[in-house]
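Enquirer:
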Amino acid sequence: MKVLTLIEAVTDALRTEMASDRSVVVFGEDVGVEGGVFRATAGLQRDFGEERCFDTPISESGIVGAAVGMAVAGLKPVVEIQFSGFAFPAFNQIVSHVARIRNRTRGALSAPMVIRMPYGGGIRAPEHHSESVETFFGHIPGLKVVIPSTPHDAKGLLIAAIRDPDPVIFLEPSRAYRAVRQEVPEEAYSIRIGAARVEAEGEDLTLVSYGAQMIEARQARAALAAEGRSVELIDLRTIYPFDARAVVESVRKTGRLLVVHEGPQSFGVASELMATVMEQAFDRLEAPPARLAGPDVIYPMPRGEKHYLISAEQVMAEARKVMSYEP
Amino acid sequence: MIEEYDPREGRLLSLLDEEGNLLPVPAGMPRLSDEQALAAYKTMVLARQADEWAVNLNRQGRMPTYPPNKGQEANSIGALLALRQDDWFVPAFRELGGMLVRGLSLKQYYLYWYGNESANHMPKDTFRMMPMSVPVGSHMLHAVGLAWAERYQGSDRIAITFTGEGGTSEGEFHEACNLAGVWKAGTIIYVQNNYWSISLPWPKQSASPTVAEKGFAYGFPGIRVDGNDVFAVYAAVKLAADRARSGKGPTLIEGVTYRLGAHTTSDDPTKYRTEEEVKQWEPRDPLLRLERYLVGKKKLDASEVTRLREQSLACAQGAFEEAEQVADPHLEDTFRWHFVEMPDLLAQQLERRKA
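Taken in order, these protein sequences are the chains called G and B. Using the numbering used here, the letters of the first sequence correspond one by one to residues 188 to 514. Using the numbering used here, the letters of the second sequence correspond one by one to residues 15 to 369.
Shown next, in the form of structure tokens:
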């Protein structure tokens, strides 16, 4: 086992799959010679050749649109969008073609591919570099949307995404790229898409999060434990199809739910999870389900980021409220 | 050869005049044989009859919105005849003739416009064809990726894609041309310039005098052909296909043509164009020109023409009746094709719909 950062685990997964399957091709802006602006594809062009890991013009729609043709012809493109804030030119391809071709042709053609992109804030980046986009993609029928928060999950989920017969949007929390280190097996392994992970068991509250926000969720859980509170922490890992069963089962045990995510609150992942819990565990609830999400505002530039991001203290305060609620 | 028809110098490749006389074909120019021309004609008659019948059905209230092909048939028919059956075909939605050449049945074509997705079930190895693409201009990139992937996999298959001149105003046309040029992809981008994109005429679509000359900016040739001349279309696509197959990269072809019908059956062209303009194009009808040629060559006579038309109309009528008999998609069909394995979330929604 090697100790890797999240981004090193991404590279490791790409390398593992490229080595075992020649149909896997990796391309995008600056992913070849430079190895990506975050270095997710570092060394891949050197080791697998320019044909299998190459730089494209600045052309997000072109990258994804060409990948549709490649996938239909039998390849497995793993493309990188440099930042999620630049995914929007490719939106037409993703919505109109990537997600639809299988259903439109009743299975005669399909476009399995992985569209990787760093997402989320907290990296003091310029405008348009910090957006949380999971809800956009989660709302499109025909797509799977995955977000790892640990190196171990990043490798296993990316390998699963590459092997998946359906298209997967793979969102990488850029703030967590180098913030988390973990032992990662050297061999190939995959983690089932659609399965949440109970990171730590608890009795008093179900705390659900994903992506970089898991960092504050973990801190909050640890601090609350010191106060004698037992919080069950779930990493959702897959936005679509999300693991309703895992969340509902946990809430049936704890009776209380708090969902924390960085993306804007309205119509967000928390809303969906809360609705699901209301439908399926209403009789076990001891407090109204709660959410702590990004506000419905445009992501601020670095000097104002502090007004957007959710701290561990905020998570703790909200968690205490939910746990101390009495009707 | 393509380079000799530089659109920037006003050149247009045309081989058949309006009276149906074949002009001297330059040495080295691919030439549709008379047998192939007769086959093209038969397909064109079938496409025309099927197209007019679809418009008629729409007026009867039996067919939803339908986009007529009338007047443009030589473009996709000539193009598909110049390709191999295993080359990729990425259509827009006005390539009925080309689809018939590729082997799609009229029943299946009608079923699509009748509103049933099962019409798009076209097995890859049989058709090498993408389904019709409604979001204008978005599908040309797929042809670039298909050609790239074929070369990567060691095959010499190439890809052709079609769009209207309106599609060239979409950003994805630029991205497709740019990537095809940079990657030297074996892609033919065929633009049917029928002058009108719904109500907008070509001069308001682009300040460029021609579509074809745009190719040069991307580093590959463009050629203008008389899109109502099946001989010229065939020749241009054959030359472009030879270029693509031998690794020389993409070609942009502009078929100069005219939409004799409406944009779709929901459109009323009298709102934006004159009857005089339409009348000017009627003698240039690709079907009549090819007919005159074949009659002149004694490959066809008046009674054969009548017989073919009647046969084709009957064939179209029969095909539509068959399409009408196809069962509507089941509830499960609306759900089951989104993913290889249906997620629980979706399965639960399906169960609720069943209840």
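A virtual CB, placed ideally from N, CA and C, is assigned to each residue, including glycine.
If the cut-off is 7 Å on Cβ atoms, which residues from the segment 294-309 of chain G count as contacting chain B, listed in chain order?
Expert: 294, 295 and 296
Enquirer: Here's the rule I'm using: 16 or more other beta-carbon atoms within 10 Å means buried, otherwise exposed. How should residue 266(B) be labelled?
Expert: buried
Enquirer: Alpha carbon to alpha carbon, what distance is there between residue 361(G) and residue 441(G)?
Expert: 32 Å
Enquirer: Which of the residues in the segment 341-357 of chain G, read from start to end, lie with their CB under 7 Å from any CB of chain B?
Expert: Of all residues in the segment 341-357 of chain G, only 352 and 353 come within less than 7 Å of chain B when Cβ atoms are compared, listed by chain position.
Enquirer: Are the CB atoms of residue 377(G) and residue 350(G) within a distance shorter than 8 Å?
Expert: Cβ distance < 8 Å, so residue 350(G) and residue 377(G) count as in contact.
Enquirer: Check whether the segment 415-435 of chain G and the segment 478-491 of chain G touch, using three or more Cβ-Cβ pairs below 8 Å as the test.
Expert: no
Enquirer: I need the straight-line Cα distance from residue 191(B) to residue 355(G), nearest angstrom please.
Expert: Just so you know, the alpha carbons of residue 191(B) and residue 355(G) end up roughly 27 Å apart.
Enquirer: Along the chain, where does the beta strand (DSSP E) that runs through residue 177(B) open and close?
Expert: 173-178
Enquirer: Measuring CB to CB, does residue 248(G) end up less than 8 Å from residue 279(G)?
Expert: Cβ atoms of residue 248(G) and residue 279(G): closer than 8 Å.
Enquirer: Chain G partners of residue 167(B), CB-CB under 8 Å?
Expert: 260, 261 and 262
Enquirer: Taking the Cβ atom as the reference point for each residue, do residue 93(B) and residue 204(B) lie within a distance shorter than 8 Å?
Expert: yes
Enquirer: Pull up the distance between the alpha-carbon of residue 298(G) and that of residue 332(G), whole angstroms please.
Expert: 15 Å
Enquirer: Out of curiosity, what's the CA-to-CA distance linking residue 301(G) and residue 266(G)?
Expert: Rounded to whole angstroms, residue 301(G) and residue 266(G) show a C-alpha spacing of 6 Å.
Enquirer: Closest to residue 140(B) by C-alpha separation, out of 217(G), 326(G) and 295(G), would be which residue?
Expert: 295(G)
Enquirer: Looking at residue 136(B): is its Cβ nearer than 8 Å to the Cβ of residue 292(G)?
Expert: For the pair residue 136(B) and residue 292(G), the CB atoms are nearer than the 8 Å cut-off.
Enquirer: Taking the Cβ atom as the reference point for each residue, do residue 243(B) and residue 52(B) lie within a distance shorter than 8 Å?
Expert: no
Enquirer: Could you spell out where the alpha helix (DSSP H) holding residue 90(B) opens and where it closes?
Expert: 87-95
Enquirer: Along the segment 245-257 of chain G, what residues have a CB closer than 9 Å to any CB found in chain B?
Expert: 246, 247, 248, 249, 250, 251, 252, 253, 254, 255, 256 and 257
Enquirer: Restricting to Cα atoms, I'd like to know which of 289(B), 109(B), 158(B) and 314(B) is closest to residue 82(B).
Expert: 109(B)
Enquirer: Ends of the beta strand (DSSP E) at residue 360(G)?
Expert: Counting along the chain, the beta strand (DSSP E) containing residue 360(G) begins and ends at 355-360.
Enquirer: Count the other C-beta atoms from every protein chain shown that fall within 10 angstroms of the C-beta of residue 344(B), then say buried if there are 16 or more, exposed otherwise.
Expert: exposed
Enquirer: Would you call the segment 190-202 of chain G and the segment 220-240 of chain G touching, i.e. three or more CB-CB distances under 8 Å?
Expert: yes
Enquirer: Are the beta-carbon atoms of residue 392(G) and residue 499(G) separated by less than 8 Å?
Expert: Cβ atoms of residue 392(G) and residue 499(G): not closer than 8 Å.
Enquirer: Quick one: residues in its chain with C-beta nearer than 7 Å to the C-beta of residue 321(G), no 5 flanking neighbours on either side, listed in chain order?
Expert: For residue 321(G), same chain residues with a beta-carbon under 7 Å away, outside a window of 5 residues either side, are 332, 334, 358, 426, 450 and 456 in chain order.
Enquirer: Could you check whether the Cβ of residue 158(B) sits closer than 8 Å to any Cβ belonging to chain A?
Expert: Among the chains of the structure shown, chain A does not appear; the protein chains present are G and B.
Enquirer: Output needed for residue 219(G): all residues of its chain with C-beta closer than 6 Å, excluding positions within five of it in sequence on either side, in chain order.
Expert: 232, 240, 241 and 242
Enquirer: Starting from residue 511(G) and walking both ways along the alpha helix (DSSP H), at which residues does that stretch end?
Expert: 499-511
Enquirer: Compare the C-beta of residue 358(B) with all C-beta atoms of chain G and state if any pair is closer than 8 Å.
Expert: yes
Enquirer: How would you list, in chain order, the residues of chain G whose beta-carbon sits under 7 Å from the beta-carbon of residue 196(B)?
Expert: Taking the beta carbon of residue 196(B) as reference, the chain G residues within 7 Å of it are 244, listed in sequence order.
Enquirer: For a test of the three-state rule: what should DSSP assign to residue 262(G), helix, strand or coil?
Expert: coil
Enquirer: Out of 408(G), 488(G) and 510(G), state which residue places its alpha-carbon closest to the alpha-carbon of residue 310(G).
Expert: 488(G)
Enquirer: As a quick exercise: from 417(G), 464(G), 460(G) and 215(G), pick the residue whose alpha carbon is nearest that of residue 510(G).
Expert: 417(G)
Enquirer: From residue 379(G) to residue 324(G), what does the alpha carbon distance come to, in whole angstroms?
Expert: 19 Å
Enquirer: To test your reading of the DSSP string, which unbroken beta strand (DSSP E) runs of 3 or more residues are found completely within the segment 55-139 of chain B?
Expert: 102-104
Enquirer: Cβ of residue 445(G) within 8 Å of Cβ of residue 394(G)?
Expert: yes
Enquirer: Can you give me the Cβ contacts of residue 245(G) inside the same chain, cut-off strictly under 7 Å, excluding the 5 residues immediately before and after it?
Expert: Excluding five sequence positions before and after residue 245(G), the CB atoms of its chain that fall closer than 7 Å to its own CB belong to 216, given in chain order.
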